[in-house]
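Undergrad: Sharing a structure, written as structure tokens. Questions coming.
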DNA sequence: CTGAAAGCGCTTACAG
DNA sequence: CTGAAAGCGCTTACAG
């Protein structure tokens, strides 16, 4: 089956290719009669615009890229990413854009090479950057490459300073919940503090605790079961006795609860910053934050498309998270 | 930054664009001296081939597509897909190919539209088809569209008949394990029997049980917690008393165990056909099949690339699954 | 080995 | 409103 082109349509109709192009793209410059004939003929012949020809002549790939650079093994366990992709994809497909996905693992520099190549080849029109790090080199790199980008989870503020969204409101949800349960001393097992949002979470938790006169300790882990288990065990061994624990993801929450059980300290409360099946079906079930990653993905995709179209920011505010209260929402033990 | 093109390189070097093209593509037709100069200049100028120009002139998109059509909510909970994508992506990126991802949910026909568009626009060179259904219309559609494809998990046999891989070997792993534990009557909670691999699993389990004189019942669910819980509850209510249960995914295994606990029948054995964090961290921990979805993804991607290059099938046999024995590997209760 | 030229299938000023 | 033409940046026969 030879490809159907606008040349075929033009020939069959006895008009020029230009007219066909204008007609098919809804541009002015053709009579309505011609347009109708062209559209009908295109449908009849089953014409689709050649993606590469259009990309070449318009210098637009109609595709946006995402580079996931977490450990592949962890990616599979975090529903966050798949849900995020779902939201992104939803917006893109509605806009006729494609999603290019690359997974590069954690080796430093591999994502840089991908961006350079994408920019050089004109393969994508823009990218969504995930998991922003402290002193993240990517914004500068992408700016230098001339590749438009959106930092996922970062709300461009009117003052020109960036602000990670949500973390403060989320911290308030969690800390106030624990405060209501009577907790006066808590600990937060964070993810890697090289990630900007983990630093923001820690700072927000600290602030919310300060407001309420709650004591708080922090321990840094790396989202894996083992590190979280170790951190919690260390906390207890050091004689630090919080009555509630906050975990930056679900796997660490499960690990922490295991560590507590191992130390016969099952009466502590626990909250996970990420909701998942794990929180829902573990035993005990774990109170957690539903952050609606799909909506966040929709937002980032929409922001990027607006940026590419040169339109002004018109994106709705992020959806507030919801705290899903489960069995680990235990009251503070009376001393 | 204006794009660097082969025209620039040709001009700077005082050679023709053709020579530059040959040199850069490793084609014969240039002297080594010229080639070296061209390559050096390309590197100096930071040249990258324009993806769209190359695609247009070669009629190749250098991209392959995947349409995920499960329920988005379920996608997030099944690490299987992310791990699969990881394997696919790994092979593709090594071959300089891009991965286009679309998630269409379960609405019938939406995937068809995507394939038609991809084929019409020349956006992808081929696709990997997942979750093959009984009487799946996609192979015929893709053939009609002239879009090369690989059916994920299907091994093209030499006899020309397709054969879903693994299911038989996997069934044997599971059933023999249960037989060794002394089970003589089991039940298998399957996923939707509209999916080819679920039918294959059921048939394989039936056969393996027959060989060993084990009685087996089947109940169809849809991979969700609720249906699996209902099916198990119904089984028990009907007076059917297997001593071991097989579940076609991890969520259903968790649900089944819950149903057993609700009915005070905790002593049954259970095996999940999919491994995941859920099996690892639920209580009790669940014996499950590690199927190495990343390797399966690598295989499908490699097969598709071979198909696109017109090379012969050269793909290694699929990796055998491993049974991860955990707490639900209980012996049959003595009557 | 090298260069001039046509072609991939569109878009888009530019004249009529 | 319509048509002839150039251009996007490559690849690839085709002559020299």
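Chains as they are written, first to last, in the UniProt record's numbering: chain P, 1 to 335; chain L, 1 to 335.
Here a beta-carbon is modelled for each residue, glycine too, at the ideal position from N, C-alpha and C.
Under 8 Å: do the stretch 233–244 of chain L and the stretch 255–268 of chain L share three or more Cβ pairs, one atom per stretch?
TA: Yes, since at least three Cβ pairs between the stretch 233–244 of chain L and the stretch 255–268 of chain L fall closer than 8 Å, the two stretches touch.
Undergrad: Starting from the beta carbon of residue 247/L, find every residue of chain P whose beta carbon is closer than 7 Å, and list them in chain order.
TA: To locate residue 247/L, count along the second chain from 1; it is residue 247. Ordered by position in chain P, no residue passes the 7 Å Cβ test against residue 247/L, which lies about 13 Å from the chain.
Undergrad: Find the residues of chain P that neighbour residue 45/L, judging by a C-beta separation of less than 8 Å, and give them in chain order.
TA: Working through the second chain from its first residue, we reach residue 45/L at position 45. What residue 45/L touches in chain P: nothing, since even the nearest Cβ is about 11 Å away.
Undergrad: Quick check: residue 181/P and residue 326/P, are their CB atoms within less than 8 Å of each other?
TA: In the first chain, counting from the first residue as 1, residue 181/P sits at position 181. In the first chain, counting from the first residue as 1, residue 326/P sits at position 326. Taking 8 Å as the Cβ cut-off, residue 181/P and residue 326/P do not qualify as a contacting pair.
Undergrad: Touching or not, the stretch 91–105 of chain P and the stretch 96–106 of chain L, by the rule of three or more beta carbon pairs under 8 Å?
TA: Enough Cβ pairs lie closer than 8 Å, so yes.
Undergrad: Where residue 98/P and residue 48/P are concerned, what is the direct C-alpha to C-alpha distance, given to the nearest angstrom?
TA: Here residue 98/P refers to the residue found at position 98 when the first chain is read from its first residue. Here residue 48/P refers to the residue found at position 48 when the first chain is read from its first residue. About 16 Å.
Undergrad: Is the CB of residue 218/L under 8 Å away from at least one CB in chain P?
TA: Within the second chain, numbered from 1, the residue matching residue 218/L stands at position 218. Not closer than 8 Å to any Cβ of chain P, the Cβ of residue 218/L fails to qualify, so no.
Undergrad: Would you say residue 337/L lies against chain P (beta-carbon separation less than 8 Å)?
TA: Absent from the structure is residue 337/L, since the part of chain L shown begins at 1 and ends at 335.
Undergrad: Apart from the five residues just before and just after residue 346/L, which ones in its own chain have a Cβ nearer than 6 Å to its Cβ?
TA: Nothing in the structure corresponds to residue 346/L, since chain L is present only between 1 and 335.
Undergrad: For residue 190/P, count the other beta carbons within 10 Å of its own beta carbon; 16 or more makes it buried, fewer makes it exposed. Which is it?
TA: On the first chain, position 190 is the one that residue 190/P refers to. Its Cβ being crowded by 16 or more others within 10 Å, residue 190/P is buried.
Undergrad: One question on the structure: do residue 148/P and residue 308/P come within less than 8 Å of each other, judged by their Cβ atoms?
TA: Stepping through the first chain from its first residue, residue 148/P is reached at position 148. Stepping through the first chain from its first residue, residue 308/P is reached at position 308. A contact, by the Cβ cut-off of 8 Å.
Undergrad: Near residue 79/L, which residues of its chain fall below 6 Å by C-beta distance, leaving aside the five closest residues on each side in sequence?
TA: To locate residue 79/L, count along the second chain from 1; it is residue 79. Within the same chain, residue 79/L has close Cβ partners 276.
Undergrad: Quick check on this structure: which residue in 60/P, 261/P and 254/P has the alpha carbon closest to the alpha carbon of residue 124/P?
TA: For the purposes of this step, residue 124/P is identified with residue 124 of the first chain, where counting begins at 1. Of 60/P, 261/P and 254/P, the residue nearest in Cα terms is 60/P.
Undergrad: Output needed for residue 159/P: all residues of its chain with C-beta closer than 7 Å, excluding positions within five of it in sequence on either side, in chain order.
TA: Walking along the first chain from the start, residue 159/P turns up at place 159. Residue placement at residue 159/P is poorly supported in this model, since its pLDDT is 45, which falls under 50; the coordinates still yield a value, given next. Within the same chain, residue 159/P has no close Cβ partners at all.
Undergrad: Hey, could you find the ends of the beta strand (DSSP E) residue 342/L is sitting in?
TA: Absent from the structure is residue 342/L, since the part of chain L shown begins at 1 and ends at 335.
Undergrad: When the cut-off is 8 Å and only beta carbons count, does residue 55/P lie next to chain L?
TA: On the first chain, residue 55/P is found 55 positions in, with the first residue counted as 1. Output row for residue 55/P: interface = yes.
Undergrad: Given a cut-off of 8 Å, decide if residue 323/P and residue 278/P are closer than it, judged by their beta-carbon atoms.
TA: Position 278 of the first chain, counted from the first residue, corresponds to residue 278/P. Position 323 of the first chain, counted from the first residue, corresponds to residue 323/P. Contact flag unset, no.
Undergrad: Starting from residue 177/L, find everything on chain P with Cβ-Cβ shorter than 7 Å and list it in chain order.
TA: For this step, residue 177/L is matched to residue 177 along the second chain. Within 7 Å Cβ-Cβ: nothing; residue 177/L doesn't reach chain P, min ~23 Å.
Undergrad: Scan the stretch 106–161 of chain L and note each continuous alpha helix (DSSP H) run of 4 residues or more that stays entirely inside, going in chain order.
TA: Runs found: 110–121 and 138–145.
Undergrad: Show which residues of chain P have a CB atom less than 8 Å away from the CB atom of residue 81/L.
TA: Residue mapping note: residue 81/L aligns to position 81 of the second chain, counting from 1. Simply 82.
Undergrad: Are residue 296/L and residue 255/L close, meaning C-beta to C-beta below 8 Å?
TA: Along the second chain, read from residue 1 onward, the residue named residue 296/L stands at position 296. Along the second chain, read from residue 1 onward, the residue named residue 255/L stands at position 255. Result no, Cβ atoms of residue 296/L and residue 255/L do not sit closer than 8 Å.
Undergrad: Starting from residue 91/L, follow the alpha helix (DSSP H) in both directions and report where the run begins and ends.
TA: Reading the second chain from its first residue, position 91 is the one you call residue 91/L. Run containing residue 91/L: 79–94, per the alpha helix (DSSP H) assignment.
Undergrad: If you draw a straight line from the C-alpha of residue 320/L to the C-alpha of residue 217/L, how long is it?
TA: Sequence index remark: in the second chain, residue 320/L carries index 320 (1-based). Sequence index remark: in the second chain, residue 217/L carries index 217 (1-based). If you take the alpha carbons of residue 320/L and residue 217/L, they lie about 26 Å apart.
Undergrad: Under 9 Å, CB to CB, which of the residues in the stretch 235–266 of chain P have a partner in chain L?
TA: Those residues of the stretch 235–266 of chain P that come within reach of chain L (Cβ to Cβ, closer than 9 Å) are 250, 251, 254, 255 and 258.
Undergrad: Going by DSSP, what residue range makes up the alpha helix (DSSP H) through residue 8/L?
TA: For the purposes of this step, residue 8/L is identified with residue 8 of the second chain, where counting begins at 1. Start and end: 6–13.
Undergrad: Kindly confirm or deny that the stretch 55–71 of chain P and the stretch 19–37 of chain P touch, where touching means at least three C-beta pairs closer than 8 Å.
TA: No: fewer than three Cβ pairs fall under 8 Å.
Undergrad: Hey, out of 193/P, 122/P and 64/P, whose CA is closest to residue 134/P's CA?
TA: By 1-based counting over the first chain, the position of residue 134/P is 134. Checking every option, the nearest Cα to that of residue 134/P belongs to 193/P.
Undergrad: Would you verify that the beta carbon of residue 161/L is, or is not, closer than 8 Å to some beta carbon of chain P?
TA: Looking up residue 161/L in the second chain gives position 161. With a pLDDT of 47 at residue 161/L, under the threshold of 50, the modelled position of this residue cannot be trusted, and the question is left open.
Undergrad: May I have the straight-line CA-CA distance separating residue 299/P from residue 75/L, to the nearest angstrom?
TA: Taking the first chain and counting its residues from 1, the one referred to as residue 299/P is at position 299. Taking the second chain and counting its residues from 1, the one referred to as residue 75/L is at position 75. Taking the straight line from one Cα to the other gives about 20 Å.
Undergrad: Which residues in chain P sit within 8 Å of residue 139/L, going by Cβ to Cβ distance?
TA: As a working mapping, residue 139/L is identified with position 139 in the second chain. By Cβ distance, chain P contributes nothing, its closest Cβ being about 17 Å from residue 139/L, past 8 Å.
Undergrad: Can you list, in chain order, the residues of the stretch 272–284 of chain L whose Cβ is nearer than 8 Å to any Cβ on chain P?
TA: Result list: 276, 277, 278, 281, 282 and 283.
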